[in-house]
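Presented below is the structure to which this report refers.
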Amino acid sequence: MKIKKVPLAIALTAYGSFACGNLAATPFPMNNPEFGLVIHGGAGTISPEKITPIKRQMIEKTLSHALTSGYAILESGGTSEDAVVAAVRVLEDSPLFNAGKGAVYTFDEVHELDASLATGHDRQAGAVSGVKTVKNPIELAQQIKNNSVHVMLSGEGAQDFAQQQGIALVDNDYFDTKSRFEALKRVKEKLAKSKTISQYQANHRALEDAFKMGTVGAVALDKNGNLAAGTSTGGMTAKRFGRIGDSPIIGAGTYADKQCAVSATGHGEYFIRYQVTTDICKRFTYLQEPLEQAAQHVIFNVLDKNGGSGGVISMDSVGNIAMPYNTSGMYRGYQTANKGRFIAIFKSDK
Ligand code: ASP
692 MKIKKVPLAI ALTAYGSFAC GNLAATPFPM NNPEFGLVIH GGAGTISPEK ITPIKRQMIE
752 KTLSHALTSG YAILESGGTS EDAVVAAVRV LEDSPLFNAG KGAVYTFDEV HELDASLATG
812 HDRQAGAVSG VKTVKNPIEL AQQIKNNSVH VMLSGEGAQD FAQQQGIALV DNDYFDTKSR
872 FEALKRVKEK LAKSKTISQY QANHRALEDA FKMGTVGAVA LDKNGNLAAG TSTGGMTAKR
932 FGRIGDSPII GAGTYADKQC AVSATGHGEY FIRYQVTTDI CKRFTYLQEP LEQAAQHVIF
992 NVLDKNGGSG GVISMDSVGN IAMPYNTSGM YRGYQTANKG RFIAIFKSDK
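Here the sequence shown is numbered in the numbering used here, starting from 692 and rising by one per residue.
Laid out in structure tokens, this is it:
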């Protein structure tokens, strides 16, 4: 592994934060009695029989490590933003997940990474798409949010900005893993048999669940009652032509406002078209549905009904949590001051 640290060159000035007219805005409680974070490591088709006990143990250990890193920040009075970044960074550094090290391969056998971060109290956001050499894209999303005048940067421009910010850069093969490469080969073989566009699309849809599992994300509520959400991914195996999924799109894969924060995982094209994370928070705010009801509605009555697959993790400003998904499993967990710690993969994991 080769990590190039580049010294800070030019830091762009940050935009001043702006207040957003949120209908049900409440003053922030200091020392919120409930605080904590929720994480996911992707949703997809996995069955309890297909996952070896060792793999399961490794996944749970890494989820646990991510929770510990994020929760420690919240417990010591740190921000939800920093907790989200810390948790996502742990998952990006693990080869088990489709984000950072272990990201899936594009059709051209490289890795192109997407990530985003949103903070609810000030409605700020940073996002990055299609970067090939940024070791931790979530850190770049945070720098874009805090130190640039833009929300989303892509490709080479984003990498130049990362270099200016002194973010760790790596060669693209740092992200390589044998299992993801084998998955790419299997996908390509299958796709090569498609003679028409519709066959190609059908084959791609049939494959997607098995090969895209592992996008990571976190949502957090801090002691000041502020919410944040972040998501990071390598996207979908064999993606082509600079494809960008939902993960770096605020409102599709990641969303946070004063009342509600959501991070998504699943077939990105559907999450973009149905604006899944925004839809959940808007139902919560405007229709005043409980978080669980709003999240369930969007996953089962909107996403699922229209052929999309995946799930979300979400949290509101008093610490309610909802984690619905319409796949057979979703790597997920939470730790909060009042609810303690929970880690699960399947529906049967209570
Ligand atoms: N949503 C991601 C994408 O479409 C993939 C995933 O979450 O598994 O890029």
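The beta carbon of each residue, even a glycine, is placed where N, CA and C say it ideally should be.
Bear in mind the structure is a predicted one, so any value in this text is a computation, not a measurement.
Same chain, Cβ closer than 6 Å to residue i, neighbours up to 5 away in sequence not counted
i       : result
Asn1029 : Glu725
Pro739  : Phe1037
Met843  : Ala818
Gln987  : Pro1015
Glu772  : Thr810 and Ala919
Residue from the options with nearest C-alpha to residue i
i       : options                             : result
Gly998  : Pro981, Thr1018 and Phe852          : Thr1018
Ala929  : Lys869, Lys914, Leu882 and Ser889   : Leu882
Gly809  : Ser923, Gln856 and Asn992           : The sequence shown places Ala at residue 809, not Gly. Ala809 has its Cα closest to that of Ser923, out of Ser923, Gln856 and Asn992.
Lys746  : Leu758, Ala806 and Ser785           : Ser785
Glu983  : Gln966, Gly1001, Arg964 and Gly1010 : Gly1010
Gly1020 : Gln966, Glu847, Phe788 and Met904   : Met904
Glu783  : Pro828, Arg877, Pro1015 and Ser820  : Pro828
Gly821  : Phe932, Lys879, Ser885 and Gln855   : Phe932
Gly733  : Ala1035, Ser845, Phe975 and Gln987  : Ala1035
Val729  : Tyr762, Lys1041 and Val840          : Tyr762
Arg934  : Ser885, Ile990, Cys972 and Ser845   : Ser845
Gln966  : Arg1032, Ser870, Ile990 and Phe1033 : Ile990
Ala859  : Glu980, Thr743, Ser889 and Gln834   : Gln834
Assigned secondary structure, residue i (DSSP; H/G/I helix, E/B strand, else coil)
i       : result
Phe975  : helix
Gln987  : helix
Val776  : helix
Ser889  : helix
Asp1040 : coil
Gly727  : strand
Thr968  : helix
Val993  : helix
Val840  : coil
Ser1000 : coil
Leu787  : coil
Tyr961  : helix
Ile1012 : strand
Tyr706  : With a pLDDT of 30 at Tyr706, under the threshold of 50, the modelled position of that residue is not reliable, and no figure is offered here.
Ser938  : coil
Val781  : helix
Ala794  : coil
Ser738  : coil
Ala955  : strand
Asp1007 : strand
Residues of its chain near residue i, where Cβ-Cβ distance is below 7 Å and the 5 sequence neighbours each way are ignored
i       : result
Asn863  : Val801, His802, Lys823 and Thr824
Ser1008 : Leu912, Gly916, Leu918, Lys949 and Gln950
Ala716  : The predicted model places Ala716 with a pLDDT of 41, which falls under 50 and marks its position as unreliable, so this point remains unresolved.
Thr969  : Gly942 and Tyr946
Phe975  : Gln950, Cys951, Leu982, Ala985 and Asp1007
Span of the beta strand (DSSP E), counted from its first residue to its last, around residue i
i       : result
Gly817  : Gln815 to Val822
Ser854  : One point to set straight first is that residue 854 is Gln, not Ser, in the sequence displayed. Note, Gln854: premise wrong, no beta strand (DSSP E); alpha helix (DSSP H) at Gly846 to Gln855.
Gly1033 : Looking at the sequence itself, residue 1033 is Phe, so the reference to Gly does not match. That run of the beta strand (DSSP E) goes Gly1031 to Phe1037.
Ala946  : It is worth fixing the name first, because residue 946 is Tyr in this sequence and not Ala. It spans Thr945 to Ala947 - the beta strand (DSSP E) in which Tyr946 sits, taken as one unbroken run.
Asp805  : Leu804 to Thr810
Gly921  : Leu918 to Thr924
Ala909  : Val907 to Leu912
Boundaries (first-last residue) of the alpha helix (DSSP H) holding residue i
i       : result
Tyr1025 : From DSSP, Tyr1025 is part of no alpha helix (DSSP H) but of the beta strand (DSSP E) over Gly1020 to Thr1027.
Thr759  : Pro744 to Glu766
Asn883  : Just to set this straight, residue 883 is Ala in the shown sequence, not Asn. Its alpha helix (DSSP H) spans residues Lys869 to Ala883.
CB of residue i within 9 Å of CB of residue j, strictly
i       : j       : result
Thr956  : Gly944  : yes
Val1003 : His812  : no
Ala794  : Gly921  : no
Val861  : Lys914  : no
Ala853  : Lys836  : no
Phe866  : Leu804  : yes
Leu940  : Ala790  : It should be pointed out that residue 940 corresponds to Ile in this sequence rather than to Leu. No.
Gly926  : Thr736  : no
Tyr1025 : Ile750  : no
Ala1013 : Ala985  : yes
Val907  : Met1006 : no
Val776  : Glu847  : no
Ile764  : Ala774  : yes
Thr868  : Lys752  : no
Arg780  : Ser767  : no
Ser807  : Ser1000 : no
Same chain only: Cβ atoms within 8 Å of residue i, ignoring 5 sequence neighbours per side
i      : result
Asp799 : Arg931
Gly936 : Asp805, Thr924, Gly926, Met927, Lys930, Gly944, Gly959, Glu960, Phe962 and Ile963
Gln850 : Val822, Lys823, Thr824, Val825 and Leu860
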